[in-house]
Amino acid sequence: MSSFVADFPSSEIEATKADQHTESPGTTLNDPKETHKFKLFSSTWNVGGVAPPDDLNLEDWLDTKNNSYDIYVLGFQEIVPLSAKNVLGPEKNRISTKWNLLIRDTLNKSLCNFNGDQESKVEESFARDFQCVVSKQMVGILVSVWVRGDLQSYVRHPSVSCVGCGVLGCLGNKGSVSVRFWLHNTSFCFVCCHLASGGKEGDEMHRNSDAMEILRRTSFPRDHALDLPRKILDHDRIIWLGDLNYRISLPGSTTRLLVEQKEWKVLLENDQLRGEVLEGRAFEGWCEGAIKFSPTYKYYPNSDKYYGCDRILWHGKGMKQNRYDRCESRLSDHRPVIALFTVEFGVEKGCYILV
1 MSSFVADFPS
11 SEIEATKADQ
21 HTESPGTTLN
31 DPKETHKFKL
41 FSSTWNVGGV
51 APPDDLNLED
61 WLDTKNNSYD
71 IYVLGFQEIV
81 PLSAKNVLGP
91 EKNRISTKWN
101 LLIRDTLNKS
111 LCNFNGDQES
121 KVEESFARDF
131 QCVVSKQMVG
141 ILVSVWVRGD
151 LQSYVRHPSV
161 SCVGCGVLGC
171 LGNKGSVSVR
181 FWLHNTSFCF
191 VCCHLASGGK
201 EGDEMHRNSD
211 AMEILRRTSF
221 PRDHALDLPR
231 KILDHDRIIW
241 LGDLNYRISL
251 PGSTTRLLVE
261 QKEWKVLLEN
271 DQLRGEVLEG
281 RAFEGWCEGA
291 IKFSPTYKYY
301 PNSDKYYGCD
311 RILWHGKGMK
321 QNRYDRCESR
331 LSDHRPVIAL
341 FTVEFGVEKG
351 CYILV
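Under the UniProt record's numbering, the first residue of the sequence shown carries the number 1, and numbering increases by one thereafter.
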């Protein structure tokens, strides 16, 4: 029985020839390999329980005009309202499917700006035909990973792990959905989370606790033939994104004034997450890019009032962040945050790869 669980697409990824190895990937990683690089687009967005309208334009958010990314890692929070019915009732994937269909249609829009002959157009169209390799929902949390069509056959051992940290310390109104897979000879893990809310002094400790619980309880299935990484930090390249809910420890009026003056240094000095990291109480060893954008929460829908930040962190060597920014969609009381990376991965010598 396959350990791969996904809500979209319904069919599982077919096993490739690479899956037939009997040698441990942990061992083969130490062998001489060629190193290649790809461009990864990651983003987190708390959509505040607002269902996406049919005509929602995602092109600016997904930066499709650039058309240079190889992998998209997209994390959502509150894709459904966090009501008792949604938290305690059976999982319904109508909204997550709608988001995935919108993403698919946006990423795979017909490319009309090619130069060159018809054969080149066909090859490029195939290469940019993005496929969803794993998507998983837990209550309001959704993670969806898309790869270029010509990379899909090199994605191996996909799996998911869900951790509920909400009501009673176990329900899924807060927590994480993590996905992992191997691309060629490098393991990847992506964590999408929604940590404890609350603006009172000391609430940051609840968020720290949630993060530690996610690290402790996230566990991917074992494989009898392969020594696959089980825990988040066992992987080579890791991205942790989501509504971490850490606040700016200043009055709202002061925060607004500092944002208007673009006083990022003062804002960061009062950022809860930064303070907890510096004190060694959370996310030890993790990296975050320089924040040079306005806070992304709490906006009233279609307005510009703000109070806090959604975040993207990473862990592991071979990752270079090229951009860390926010987008301006006004669907909910949060703005999406994006982080763009150049990521190294190992490939068997002599293996043909198009990047």
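No residue lacks a Cβ here, since even glycine has one placed at the ideal position from N, Cα and C. Keep in mind it's a predicted model, so treat the numbers as computed, not measured.
One Cα belongs to Leu107, the other to Glu201, and the distance between them is close to 42 Å. Closest in alpha carbon position to Arg330, among Ser161, Val47, Lys33, is Val47.
When only Cα atoms are considered, Trp99 and Pro336 end up about 14 Å apart.
For Val259, the enclosing alpha helix (DSSP H) covers residues 252 to 260. When DSSP states are grouped into helix, strand and coil, Lys265 belongs to the helix group. Contact between the segment 141 to 152 and the segment 67 to 79 is present, with at least three C-beta pairs closer than 8 Å.
Per DSSP, reduced to three states, the secondary structure at Leu273 is helical. Taking each of His224, Ala225, Asn185, Leu244 in turn and checking the Cα distance to Ser209, the smallest one comes out for Leu244. In its chain, beyond the 5 residues on either side, Cys327, Glu328, Ser329 have a beta carbon closer than 8 Å to the beta carbon of Asp60. Along the segment 60 to 116, the beta strand (DSSP E) occurs as fully enclosed runs of 3 or more residues at 71 to 77, listed in sequence order. Using a 10 angstroms sphere on the CB of Ser83, the tally of other CB atoms stays under 16, which defines it as exposed. Considered as a whole, the segment 117 to 201 harbours 118 to 127 as its complete alpha helix (DSSP H) runs of no fewer than 4 residues, in chain order. Apart from the 5 residues on each side of it in sequence, Gly164 sits with its Cβ closer than 6 Å to the Cβ of Cys170, Leu171, Gly172, Gly175 in its chain, given in chain order. Your pair Gly346 and His315 does not check out as a contact, with CB atoms roughly 18 Å apart and the cut at 8 Å.
Going by C-alpha positions, Lys92 is about 33 Å away from Lys39. His235 counts as buried, since no fewer than 16 other beta carbons sit within 10 angstroms of its beta carbon. Ile214 places its beta carbon less than 8 Å from that of Val191. At the C-beta level, Ile238 and Thr44 stay beyond 8 Å of one another.
Membership of Leu215 in any beta strand (DSSP E) is not indicated; the residue belongs instead to the alpha helix (DSSP H) covering 203 to 217. Leu151 has its alpha-carbon roughly 42 Å from the corresponding atom of Asn270. Taking all protein chains in view, the Cβ of Ser187 is crowded by 16 or more other Cβ atoms within 10 Å, so the residue is classified as buried.
Taking every protein chain shown into account, the CB of Asp7 has 16 or more other CB atoms within 10 angstroms, so this residue is buried. Under the three-state reduction of DSSP output, Ile239 falls in the strand class. Under DSSP, the beta-bridge partners assigned to Leu340 are Phe41, Arg323. Around the beta carbon of His224, fewer than 16 other beta carbons lie within 10 angstroms, which makes this residue exposed. Taking a C-beta distance under 8 Å as the contact criterion, Gln272 and Ser249 qualify as a contact pair. Pairing Asp54 with Leu101, the inter-Cα distance amounts to about 10 Å.
Ala290 sits away from Tyr246, with the two beta carbons spaced by 8 Å or more. Here His157 is near Trp182, since their CB atoms are less than 8 Å apart. In the DSSP annotation of this structure, Arg230 is not part of any beta strand (DSSP E), being labelled neither H nor E. Shortest Cα-Cα distance from Val177 to any of Asn67, Val87, Ser135, Glu276 involves Ser135.
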